[in-house]
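Participant:
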Amino acid sequence: MPTFTYMAKCDGCGQCVDICPSDIMHIDKTYRRSFNIEPNFCWECYSCVKACPQHAIDVRGYADFAPLGHSVTVRREEEKRTISWKVKFRDGREKNFVSPIRTTEWGSIKSPSDYDVPSADAINSQELAHEPEALNIPALPTLDPDKFKLVLT
Amino acid sequence: MFTTNPFADLPAFLSPALIQAYVVLMIVAVFGGTLFDVVHKRSGQYFSEYRAKTKSRAKRTIGGGEATTMALKTLVVEVARAGEFCSQQRQISHLFMFYGFITYLVTTVIMVFCYLGDGTPTPTILPLLWNLGALMVVIGGSWFFFLLRVDVSHEHHSPFRLVRADMFIVSLLSSVSFALLWELSKSGSNATLTGVLLALYIFSSTFLFVSVPWSKFAHMFYKPVMAYQRRVEEADGSSNLPPPADPSQTVNLQADPRQKGA
Numbered sequence: 131m132p133t134f135t136y137m138a139k140c141d142g143c144g145q146c147v148d149i150c151p152s153d154i155m156h157i158d159k160t161y162r163r164s165f166n167i168e169p170n171f172c173w174e175c176y177s178c179v180k181a182c183p184q185h186a187i188d189v190r191g192y193a194d195f196a197p198l199g200h201s202v203t204v205r206r207e208e209e210k211r212t213i214s215w216k217v218k219f220r221d222g223r224e225k226n227f228v229s230p231i232r233t234t235e236w237g238s239i240k241s242p243s244d245y246d247v248p249s250a251d252a253i254n255s256q257e258l259a260h261e262p263e264a265l266n267i268p269a270l271p272t273l274d275p276d277k278f279k280l281v282l283t
Numbered sequence: 692m693f694t695t696n697p698f699a700d701l702p703a704f705l706s707p708a709l710i711q712a713y714v715v716l717m718i719v720a721v722f723g724g725t726l727f728d729v730v731h732k733r734s735g736q737y738f739s740e741y742r743a744k745t746k747s748r749a750k751r752t753i754g755g756g757e758a759t760t761m762a763l764k765t766l767v768v769e770v771a772r773a774g775e776f777c778s779q780q781r782q783i784s785h786l787f788m789f790y791g792f793i794t795y796l797v798t799t800v801i802m803v804f805c806y807l808g809d810g811t812p813t814p815t816i817l818p819l820l821w822n823l824g825a826l827m828v829v830i831g832g833s834w835f836f837f838l839l840r841v842d843v844s845h846e847h848h849s850p851f852r853l854v855r856a857d858m859f860i861v862s863l864l865s866s867v868s869f870a871l872l873w874e875l876s877k878s879g880s881n882a883t884l885t886g887v888l889l890a891l892y893i894f895s896s897t898f899l900f901v902s903v904p905w906s907k908f909a910h911m912f913y914k915p916v917m918a919y920q921r922r923v924e925e926a927d928g929s930s931n932l933p934p935p936a937d938p939s940q941t942v943n944l945q946a947d948p949r950q951k952g953a
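As you go down the protein sequences, you meet chains X and G in turn.
Per our numbering, the first sequence starts with residue 131, numbered consecutively.
Per our numbering, the second sequence starts with residue 692, numbered consecutively.
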């Protein structure tokens, strides 16, 4: 089931608009608050729920496996590099989880636009742009073709 | 020009009582419009139901002293510093508009009610603050309208595309801009231009205050209430959110060898 926005909490910052992989979180013309323009296309990835700094977005669960009365909420803390989840079952049980989300400082990863534009020759390379240095490794691992030869004895 | 009461010459063709009645009418329009908004959109009903629902989840009762402290914190952080914004640029532009508008409004009321018609000289500080307030709204408002507005910055629409959500910012910007232009025009000799600008100033100000039920004006009343409610939820344990992560569970960057090269 799709995401929805609590209008009283949303401040119309647009973070959900940027992060939605389906491009279905947009800004409403009447109140300048976010809303899901096409609920059928929402695959409940929780990207917007995690990105919302106001905790204004929620996801309605499917009634067959997440019956009424349940809730799944999330708090992302960039400065601690953690994400916390609270799962509430309809019988009142609660489960809390905390997971690391980063091993590097928030904002320390270079944006693709910060890298130099690859040269025209790079199109003939088997490697993707800025590999392998952008992966912090000296070279991409390869397999020896001889290993694939069928040796009949 | 910036040190004289901009309304001082109005009594020549408008009686001071009429100008004062207009200001009172606008104040009534704001409060009446907000009340109409609360009833018509059922915001009050939604909020009381929401509050009852969260109260039933509360794990402890909040005392009077704690509630007062939270109200004061809301006033200082969310209202005075606009601390709820995650973007610093939005926060600064909002503060420009907030303090500018309040200064502009308060000085207008003082100049209209205390220094109009009876010949009492207006203290220089009042017109100066009136101009400063209006200028702050123009700076903060234009910054927001042309660059920071989510429709422009995240939706990538043209800054000149107007929708109903822009009613408040457009009428606010028009009101203060026409106020400043009207004041500037008075230093010239074109009486027609001054008259036209005064008419536009009155029209945009009336529109700003009368359109409260349809514009975002009332957000300045709703937002502090919701910010206070959030503090209450965090304090009494009724918040639906997971608790903040224990700092001891924070990922230790020193332990990650890749961090050196990052």
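We treat Cβ as the ideally placed atom computed from N, Cα and C, and that holds for glycine.
Using DSSP bridges, identify the partner residues of X/Glu-224.
Facilitator: Indexing the first sequence from 1 puts residue 224 of chain X at position 94. Answer by DSSP bridge pairing, in chain order: X/Lys-218.
Participant: Would you mind sorting G/Cys-805 into buried or exposed? The rule is 16 or more other CB atoms within 10 Å of its CB.
Facilitator: Here residue 805 of chain G is taken as the residue at index 114 of the second sequence, counted from 1. Label assigned to G/Cys-805: exposed.
Participant: Between which residues of its own chain and G/Val-721 is the CB-CB distance below 8 Å, once the five residues before and five after are set aside?
Facilitator: Counting from one through the second sequence, the residue named residue 721 of chain G turns up at place 30. For G/Val-721, where only same-chain residues beyond five positions count, the Cβ hits under 8 Å are Phe-900, Val-903, Phe-908.
Participant: If you measure between the beta carbons of X/Gly-144 and G/Val-841, is that distance less than 8 Å?
Facilitator: As a first step, residue 144 of chain X is located in the first sequence; it is residue number 14 there, counting from the start. As a first step, residue 841 of chain G is located in the second sequence; it is residue number 150 there, counting from the start. Taking 8 Å as the Cβ cut-off, X/Gly-144 and G/Val-841 qualify as a contacting pair.
Participant: Does the beta carbon of G/Met-917 sit closer than 8 Å to a beta carbon anywhere in chain X?
Facilitator: Locating residue 917 of chain G in the second sequence gives position 226, where the first residue counts as 1. Closer than 8 Å: yes.
Participant: Starting from X/Asp-148, trace the alpha helix (DSSP H) in both directions and tell me its first and last residue.
Facilitator: Here residue 148 of chain X is taken as the residue at index 18 of the first sequence, counted from 1. Per DSSP, X/Asp-148 belongs to the alpha helix (DSSP H) from 145-149.
Participant: Any idea what DSSP makes of X/Ile-187, helix, strand or coil?
Facilitator: Along the first sequence, read from residue 1 onward, the residue named residue 187 of chain X stands at position 57. Strand.
Participant: Do G/Gly-831 and G/Phe-787 have their C-beta atoms within less than 8 Å of each other?
Facilitator: Residue numbering aside, residue 831 of chain G sits at position 140 when the second sequence is read from its first letter. Residue numbering aside, residue 787 of chain G sits at position 96 when the second sequence is read from its first letter. Closer than 8 Å, so yes.
Participant: Kindly indicate if chain G contains any beta-carbon less than 8 Å away from that of X/Asp-244.
Facilitator: Working through the first sequence from its first residue, we reach residue 244 of chain X at position 114. Cβ-Cβ to chain G under 8 Å: no for X/Asp-244.
Participant: Who are X/Ile-213's beta bridge partners in DSSP?
Facilitator: By one-based count along the first sequence, residue 213 of chain X stands at place 83. According to DSSP, X/Ile-213 bridges with X/Arg-206, X/Ser-229.
Participant: Between the beta-carbon of G/Tyr-795 and the beta-carbon of G/Ala-825, is there less than 8 Å?
Facilitator: Numbered from its first residue, the second sequence carries residue 795 of chain G at position 104. Numbered from its first residue, the second sequence carries residue 825 of chain G at position 134. Yes.
Participant: So that I know if they touch, is there some Cβ in chain X lying closer than 8 Å to that of G/Pro-933?
Facilitator: Here the question's residue 933 of chain G lines up with position 242 in the second sequence. Closer than 8 Å: yes.
Participant: In this structure, does DSSP put X/Asn-254 in helix, strand or coil?
Facilitator: Start at 1 with the first residue of the first sequence, and residue 254 of chain X comes out as number 124. Residue state, collapsed to three classes: helix.
Participant: Just the Cα atoms here: how many angstroms apart are G/Met-717 and G/Ile-710?
Facilitator: As a working mapping, residue 717 of chain G is identified with position 26 in the second sequence. As a working mapping, residue 710 of chain G is identified with position 19 in the second sequence. Whole-angstrom Cα-Cα distance: 11 Å.
Participant: What are the boundary residues of the beta strand (DSSP E) that includes G/His-848?
Facilitator: Here residue 848 of chain G refers to the residue found at position 157 of the second sequence. It is not in any beta strand (DSSP E) - G/His-848 carries neither H nor E in the DSSP assignment.
Participant: Whose CA, out of G/Glu-757, G/Ala-699, G/Val-730, lies closest to the CA of G/Tyr-919?
Facilitator: Along the second sequence, read from residue 1 onward, the residue named residue 919 of chain G stands at position 228. Selected option, being the one with the closest Cα: G/Glu-757.
Participant: Is the separation between the beta-carbon of X/Trp-215 and that of G/Pro-935 shorter than 8 Å?
Facilitator: Looking up residue 215 of chain X in the first sequence gives position 85. Looking up residue 935 of chain G in the second sequence gives position 244. For X/Trp-215 and G/Pro-935, no; Cβs fall outside 8 Å.
Participant: Going by DSSP in three states, X/Phe-165 sits in which element: helix, strand or coil?
Facilitator: Taking the first sequence and counting its residues from 1, one reaches residue 165 of chain X at position 35. Correct three-state label for X/Phe-165: strand.
Participant: What are the boundary residues of the alpha helix (DSSP H) that G/Thr-799 is part of?
Facilitator: Here the question's residue 799 of chain G lines up with position 108 in the second sequence. Here the alpha helix (DSSP H) through G/Thr-799 covers 779-805.
Participant: With a CB to CB cut of under 7 Å and the five nearest residues on each side skipped, what residues in its chain are close to G/Phe-693?
Facilitator: Taking the first residue of the second sequence as position 1, residue 693 of chain G is located at position 2. Counting only Cβ-Cβ distances below 7 Å, and skipping sequence neighbours, we find Pro-818, Leu-819, Asn-822.
Participant: Which residue or residues does DSSP assign as beta-bridge partners of X/His-156?
Facilitator: Along the first sequence, one-based indexing puts residue 156 of chain X at 26. In the DSSP output, where bridge partners are listed per residue, X/His-156 has X/Phe-165.
Participant: Within 10 angstroms of its Cβ, does G/Ala-953 collect 16 or more other Cβ (buried), or is it exposed?
Facilitator: In the second sequence, the residue the question calls residue 953 of chain G occupies position 262. Unreliable positioning characterises G/Ala-953 in this predicted model, as indicated by a pLDDT of 42, which lies under 50. The coordinate reading is nonetheless provided below. Exposed: under 16 other Cβ atoms inside 10 Å.
Participant: Against chain X, with Cβ distances strictly below 8 Å, would G/Asp-842 count as a contact?
Facilitator: Reading the second sequence from its first residue, position 151 is the one you call residue 842 of chain G. With 8 Å as the cut-off, G/Asp-842 counts as an interface residue toward chain X.
Participant: X/Asn-170 CB to nearest chain G CB: under 8 Å?
Facilitator: Translated into positions along the first sequence, residue 170 of chain X becomes position 40. Not closer than 8 Å to any Cβ of chain G, the Cβ of X/Asn-170 fails to qualify, so no.
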